[in-house]
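Going down the list, the protein sequences come from chains A and B. If you use the numbering used here, the first sequence closes out at 335, no skipped numbers anywhere. If you use the numbering used here, the second sequence closes out at 335, no skipped numbers anywhere.
There are 2 protein chains.
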Amino acid sequence: MSEPRKLEVLRAIVEDYVHSREPVGSKALVERHHLGVSSATIRNDMAVLEEEGLIAAPHTSAGRIPTDKGYRLFVDRISQVKPLSAAERRAIHSLLEGPDDVDDILERTVRLLSQLTNQVAVVQYPHSSRAVVRHVEFVLLAPKQVLVVLIADTGSVGQKVIDAGSDVANEALMLLRSRFLGSIAGTQLDLLPQVLPSVVALCPPELRGLAQTLAHGLQSLSDNSREERILMAGTANLARSNVDFPLSIGPVLEALEEQVVMLRLLSDMGDDPRGVTVSIGRENPYDGLAEASVVATGYGSGAKVGILGPTRMDYPTTMAAVRAVARYLSRILGG
Amino acid sequence: MSEPRKLEVLRAIVEDYVHSREPVGSKALVERHHLGVSSATIRNDMAVLEEEGLIAAPHTSAGRIPTDKGYRLFVDRISQVKPLSAAERRAIHSLLEGPDDVDDILERTVRLLSQLTNQVAVVQYPHSSRAVVRHVEFVLLAPKQVLVVLIADTGSVGQKVIDAGSDVANEALMLLRSRFLGSIAGTQLDLLPQVLPSVVALCPPELRGLAQTLAHGLQSLSDNSREERILMAGTANLARSNVDFPLSIGPVLEALEEQVVMLRLLSDMGDDPRGVTVSIGRENPYDGLAEASVVATGYGSGAKVGILGPTRMDYPTTMAAVRAVARYLSRILGG
DNA sequence: TGTTAGCACTTGGGCATGTTGAGTGCTAAG
DNA sequence: CTTAGCACTCAACATGCCCAAGTGCTAACA
């Protein structure tokens with residue numbers, strides 16, 4: 001038995017199955033692909049593939065479908081990246097236009113990616129650990145309520161309403177604002193916990209209580225901006241692509257709603273800087289995603305973009321789309 | 001035939017059907033509810049109800065199920081609000097605790113409401129048309145990039161990165177900041193379009209170009225904050241509640257993803273200040289929601305909260321939950 | 001006039017049975 | 001190592017049958 005042909009057979013099975021959504025048999029295989037051998041030979045090859053756990057038969061007399069392991073081998077060794085169509089290139093390119101606002105860009109990115117792949121697209125907000133404090137603002141909303149705003153040089157803005165406990169004088173607030181601003185402007189967000197206490201200590205004693213509260217607010221804002229968030233689009237694709245072949249959609253929706261789960265998932269995936277990473281079926285750390293695959297890659301300074309879909313998906317095309325989108329995203333947001 | 005009994009029969013049908021998910025027949029009806037008459041009588045009543053379009057039979061020899069019109073009559077005239085359980089009250093009450101931040105509160109609200117009702121919960125951000133400018137901030141991110149921040153007295157913060165075209169001096173920016181701040185602090189957001197031009201006109205000629213750009217940014221921010229957004233949770237409930245009985249979930253997910261559709265839907269619903277409004281099945285203006293119902297009500301100063309679920313839902317309980325949550329929400333966010 | 005019992009009729013769902021066709025594994029020959 | 005041939009398996013489909021649930025109608029009744 002020839003090793004190359006065995007792989008060729010696996011490829012054919014994967015491709016046919018992805019396309020037809022039905023178990024594929026030896027006969028159909030020789031007809032649709034010009035492998036130069038008979039169906040009997042294919043059958044032998046398939047028996048070997050099955051022994052190796054790369055394909056499986058749903059029941060005795062049906063064709064074979066790829067296993068998770070089979071898909072894994074497929075994406076690792078067999079598949080070649082498909083070039084994007086002109087229309088797709090154009091669509092991605094148009095991402096370059098429009099406002100620079102991070103939220104806007106990410107929003108459009110997920111929409112685009114979900115349309116491109118017909119899957120659920122997910123994007124993680126850019127990491128801001130290297131972000132630096134640019135501006136601090138305290139705004140008195142009500143006698144005892146202060147709005148704390150923290151602006152980073154990345155353009156990300158965090159806001160939070162805090163309860164001061166007692167009435168706050170606007171002058172005091174302005175004083176504290178310039179104190180804080182003077183001391184922490186230019187400081188990395190993740191260094192704030194170390195810097196803030198000393199700022200508080202230097203405040204006039206009568207303002208120290210308020211300063212403490214405000215410092216607390218600022219810190220939780222910086223935590224918050226480091227706390228990663230995700231954006232997604234295309235959940236309807238889950239329902240569409242599974243009319244015939246039910247990947248049970250409930251658990252998947254649950255996973256998608258739990259940002260924590262998705263974040264964990266994305267960050268657990270290796271970060272091969274050259275290409276996209278794929279996590280297939282039961283490889284996923286979350287049970288609800290046992291029938292789903294995630295195709296993701298990093299962009300910019302380490303955040304992830306990707307898609308989630310049924311294990312039975314068109315990996316080459318999907319991978320190409322994810323990679324292309326990530327590249328453009330890096331370019332726009334600046335590496 | 002007695003009119004009250006007819007309604008009683010309809011109520012029984014709705015309740016049984018919601019509970020069992022199966023067409024309900026005359027015999028089962030007399031067994032489960034102590035209507036004082038025989039099944040034959042019920043059959044007569046049912047024939048009338050069917051003639052009036054309130055119930056329908058899926059096929060000749062099956063029980064009846066309520067039509068959209070039947071549900072409508074049910075919620076309008078028959079159903080009585082169910083009191084919430086103690087646990088539910090407690091859950092809602094705990095909403096009162098925790099930070100005052102609008103985003104946080106709304107986030108927790110949708111989660112709670114989706115758990116309470118086992119449906120998809122939706123909440124509209126509070127209207128801010130009456131909001132007033134509290135603060136304006138311009139931050140130089142890069143030589144030609146300015147971050148414009150607009151803070152309203154409601155605590156809502158809008159941000160936007162704008163491209164200045166040419167290099168910007170920080171001093172100029174600070175000057176403009178105090179000009180703008182002085183002129184528009186206290187102005188209602190929706191009056192900005194009228195006020196901003198005069199501010200620009202009063203600027204020193206050499207800064208007028210920049211001022212114009214900034215004014216433009218501010219205005220689009222105010223538009224943006226008036227532009228309404230929604231938050232939702234519990235989409236997984238769609239899948240769960242429909243394992244047996246398929247409301248085709250795809251179109252519904254699509255609708256949910258299109259904020260425009262949902263906003264339209266919510267605002268099209270009347271705003272009965274005393275109670276919740278229900279839109280049933282084909283009453284919905286969006287085709288994808290032909291098998292879905294929306295239960296919503298206003299809170300605070302006119303924004304909506306509600307849930308979306310299959311037409312076959314437990315209206316009394318759901319309505320009670322929505323109403324209760326809306327009340328608490330109003331209380332927290334202030335009327 | 002409204003209610004009831006009785007009954008003939010309809011029909012979807014469950015079940016047992018039969019048939020088909022795709023697909024397999026094995027064997028023996030090339 | 002490949003191939004043709006063949007017996008075998010089994011899901012999917014079809015057919016026929018029966019049953020239970022449910023209806024509509026009619027005639028009797030209060």
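In this text, a Cβ means the ideal position worked out from N, Cα and C, and glycines have one as well.
Nearest-angstrom Cα separation, counted from residue j out to residue i
i	j	result
B:Q159	B:T317	40 Å
B:R43	B:A292	28 Å
B:L35	B:A321	29 Å
B:G335	B:R327	Residue confidence is low: B:G335 scores 48 on pLDDT, short of 50, so the model does not pin down where it sits. Its coordinate-derived value is still stated next. Taking the straight line from one Cα to the other gives about 10 Å.
B:R179	B:L173	10 Å
A:M319	A:I280	13 Å
A:L150	A:G309	37 Å
B:A91	A:R77	53 Å
A:L95	A:R331	11 Å
B:V122	A:A142	28 Å
A:N237	B:P251	10 Å
A:A28	A:E8	15 Å
A:S301	A:M313	28 Å
B:A324	B:P83	10 Å
B:Q212	B:P205	11 Å
A:A86	A:T117	15 Å
B:G298	B:L265	13 Å
B:R21	B:I55	14 Å
B:L175	A:Q145	28 Å
B:S2	B:E52	15 Å
A:N170	A:D163	15 Å
B:A57	B:T311	16 Å
B:Y286	B:L207	49 Å
A:D16	B:H127	52 Å
B:S267	B:R130	18 Å
A:N284	A:P4	29 Å
A:D153	A:L329	19 Å
B:H93	A:D68	47 Å
A:L221	B:Q194	34 Å
B:Q80	B:S241	23 Å
Residue i and residue j closer than 9 Å at C-beta
i	j	result
B:M46	B:S61	no
B:V120	B:L256	yes
A:L214	B:R134	no
B:V132	B:L196	no
A:I249	A:A233	no
B:L106	B:L263	no
B:R64	B:E50	yes
A:Y315	A:V18	yes
A:T235	B:L289	no
B:V136	B:A201	no
B:G98	B:V14	no
A:G209	A:G165	yes
Integer-rounded CB distance, given that residue j should sit under 8 Å from residue i
i	j	result
B:S183	B:V199	4 Å
A:K304	A:Q124	5 Å
A:Q260	A:V278	The displayed chain sequence assigns Val, not Gln, to residue 260 of chain A. In fact, because the Cβ distance is near 22 Å, the residues do not count as touching under 8 Å.
B:V30	B:S39	5 Å
A:L73	A:L10	7 Å
B:L344	B:L218	This structure gives no information on residue 344 of chain B, because the portion of chain B shown stretches from 1 to 335.
A:R177	A:F138	5 Å
B:V168	B:L140	6 Å
Would the region 269-279 of chain B count as touching the region 220-239 of chain B if we require 3 or more Cβ pairs under 8 Å?
no
Which residues, in order along the region 150-167 of chain A, keep a beta-carbon less than 7 Å from a beta-carbon of chain B?
I151, D153, G155, V157, Q159, K160, V161, D163
Residues of the region 127-141 of chain B with a CB closer than 8 Å to any CB of chain A: list them in chain order, please.
R134, H135, E137, V139, L141
So if I threshold CB-CB distances at 7 Å, which residues from the region 232-265 of chain A count as touching chain B?
A233, T235, A236, A239, R240, I249, G250, L253, E254, E257
If contact means a Cβ-Cβ distance below 9 Å, which residues of the region 297-308 of chain A contact chain B?
none
For the region 169-186 of chain B, which residues have a beta carbon sitting closer than 7 Å to at least one beta carbon of chain A?
none
Output, in sequence order along the chain, the residues in the region 186-215 of chain B whose CB is closer than 9 Å to any CB in chain A.
none
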